[in-house]
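Numbering (this note's numbering), first residue to last: 3 to 241.
Next comes the structure, spelled out in structure tokens:
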């Protein structure tokens, strides 16, 4: 780490065990960096290299007692070549216009979020989020963060929250219109973030955690080449 990294000022604590969201019948724990007001954009850029992620004001990484299934992954932007399926997604959604916004609450955004959660993740808990929970989850950030609208003929189709680190963009969360048929919004969003990295001269797109046996995480291996943080070192993941 850089000499000016204030690691001596940060404290790290382990959460209590909680039910894992991705692997059935497993318990998870997270290591949380605190206090959050000391985690500036530069500090977060260092932490993300160590496998940390951000959710609202919390910066964390999985640190479970007997499991290391969560692998932080990042895409090597300059080596990425889209597949035929991904090129179709670009063509299908090429008419979407993007608008970069500061983090702020919009009723239209929250309405889309509730529709997405209720139809794509019913019973998962987040489908019951109120405005305060939505704000805490997506609109609280102490780092450099963009809110990106994707519109089609002025109709909001997708919203993405993206952190900006020194070495790349970090995909925080994306939700979209769950009722549009034959859509590839999720794939298109990742492809858009890849192009955004290239435009900004950033070498990596951080895609969070990949879990080999979790269907929710399977899409991440469709974007290659990927590096995973394994045993404290970023290394290419096997085909």
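For every residue, glycine included, the Cβ atom is placed at its ideal position computed from N, Cα and C. No experiment lies behind these values; they were computed from the predicted model shown.
Inset, instruction - Quick one: measure Cβ to Cβ for residue 28 and residue 69, integer angstroms, because I've assumed they're closer than 8 angstroms. - result: Within the chain shown, the letter at position 26 stands for residue 28. Within the chain shown, the letter at position 67 stands for residue 69. Sure, about 6 angstroms apart at Cβ, within 8 angstroms.
Inset, instruction - For residue 19, name the three-state secondary structure that DSSP assigns. - result: Position 17 of the chain shown, counted from the start, is the residue given in the question as residue 19. Reduced to three states, the DSSP call for residue 19 is coil.
Inset, instruction - Using the DSSP secondary-structure output, state which residues sit across from residue 172 in a beta bridge. - result: Residue 172 sits at position 170 when you count from the first residue of the chain shown. Answer is 165, 208, bridged to residue 172.
Inset, instruction - Give the DSSP-derived three-state secondary structure of residue 226 in the structure shown. - result: Reading the chain shown from its first residue, position 224 is the one you call residue 226. Of the three classes helix, strand and coil, the one that applies to residue 226 here is coil, per DSSP.
Inset, instruction - Using only alpha-carbon positions, find the residue among 52, 83, 143, 12 that is nearest to residue 60. - result: For the purposes of this step, residue 60 is taken as residue 58 along the chain shown, with counting starting at 1. Ranking 52, 83, 143, 12 by Cα distance to residue 60 puts 143 first.
Inset, instruction - Assuming residue 149 and residue 104 form a contact by the criterion Cβ under 8 angstroms, report the distance between their Cβ atoms to the nearest whole angstrom. - result: Indexing the chain shown from 1 puts residue 149 at position 147. Indexing the chain shown from 1 puts residue 104 at position 102. Right, the Cβ-Cβ distance comes to about 7 angstroms (below 8 angstroms), so this counts as a contact.
Legend entry - Test item: CB-CB of residue 75 and residue 209 under 8 angstroms: Here the question's residue 75 lines up with position 73 in the chain shown. Here the question's residue 209 lines up with position 207 in the chain shown. A contact, by the Cβ cut-off of 8 angstroms.
Legend entry - Backbone CA spacing between residue 201 and residue 141 [nearest angstrom]: As a position in the chain shown, residue 201 is number 199, starting the count at 1. As a position in the chain shown, residue 141 is number 139, starting the count at 1. C-alpha separation (whole angstroms): 25 angstroms.
Legend entry - Cβ shell of residue 153 (< 6 angstroms), same chain only, five flanking positions each side left out: Residue mapping note: residue 153 aligns to position 151 of the chain shown, counting from 1. Counting only Cβ-Cβ distances below 6 angstroms, and skipping sequence neighbours, we find 99.
Inset, instruction - Please go through the same chain and pick out, in chain order, the residues whose beta-carbon is closer than 7 angstroms to the beta-carbon of residue 218, but skip the five residues on each side of it. - result: Here residue 218 is taken as the residue at index 216 of the chain shown, counted from 1. Hits under 7 angstroms: 24.
Inset, instruction - Determine the DSSP secondary structure at residue 64, reduced to helix, strand or coil. - result: Position 62 of the chain shown, counting from 1, holds the residue named residue 64. Strand, per DSSP.
Legend entry - Per-residue burial, residue 2 [other beta carbons within 10 Å of its own, 16 or more giving buried]: This structure cannot speak to residue 2, because the chain is shown only from 3 to 241.
Inset, instruction - Could you tell me whether the stretch 131-139 touches the stretch 185-198, where touching means 3 or more Cβ pairs closer than 8 angstroms? - result: no
Inset, instruction - In angstroms with no decimal places, state the Cα-to-Cα distance between residue 31 and residue 17. - result: Counting from 1 along the chain shown, the entry for residue 31 is found at position 29. Counting from 1 along the chain shown, the entry for residue 17 is found at position 15. So the alpha carbons of these two residues sit roughly 6 angstroms apart.
Legend entry - Cβ distance (whole Å) where residue 214 is taken to contact residue 21 below 8 angstroms: Looking up residue 214 in the chain shown gives position 212. Looking up residue 21 in the chain shown gives position 19. Contact flag wrong, Cβ pair sits at about 19 angstroms.
Legend entry - Start and end residues, alpha helix (DSSP H) containing residue 114: Position 112 of the chain shown, counting from 1, holds the residue named residue 114. Taken as a continuous stretch (DSSP letters only), the alpha helix (DSSP H) holding residue 114 covers 109-122.
Inset, instruction - Could you tell me which residues DSSP pairs with residue 148 in its beta bridges? - result: Taking the chain shown and counting its residues from 1, one reaches residue 148 at position 146. For residue 148, which the question treats as bridged, DSSP gives the partners 164.
Legend entry - residue 242 vs residue 47 beta-carbon contact at 8 angstroms: For residue 242 there is no data in the structure shown, the boundaries of the chain being 3 and 241.
Inset, instruction - Under 7 angstroms Cβ to Cβ from residue 227, same chain only, skipping five residues before and after it: list those, please. - result: Here residue 227 corresponds to residue number 225 of the chain shown, with the count starting at 1. Hits under 7 angstroms: 78, 81, 238.
Legend entry - Neighbourhood of residue 222 by C-beta, 8 angstroms cutoff - its chain only, sequence neighbours within 5 removed: Start at 1 with the first residue of the chain shown, and residue 222 comes out as number 220. Around residue 222: 75, 209, 210, 212, 228.
Legend entry - Local conformation of residue 153 per DSSP, three classes: Translated into positions along the chain shown, residue 153 becomes position 151. The answer is strand: DSSP assigns residue 153 an E or B state.
Legend entry - Nearest candidate by alpha-carbon position, reference residue 123, set 64, 178, 49: For this step, residue 123 is matched to residue 121 along the chain shown. Per the Cα distances, 178.
Legend entry - Complete runs of the alpha helix (DSSP H) confined to the stretch 70-112 [at least 4 residues]: 86-94
Inset, instruction - Give a yes or no on whether the C-beta atoms belonging to residue 158 and residue 164 are separated by under 8 angstroms. - result: On the chain shown, residue 158 is found 156 positions in, with the first residue counted as 1. On the chain shown, residue 164 is found 162 positions in, with the first residue counted as 1. Contact: no.
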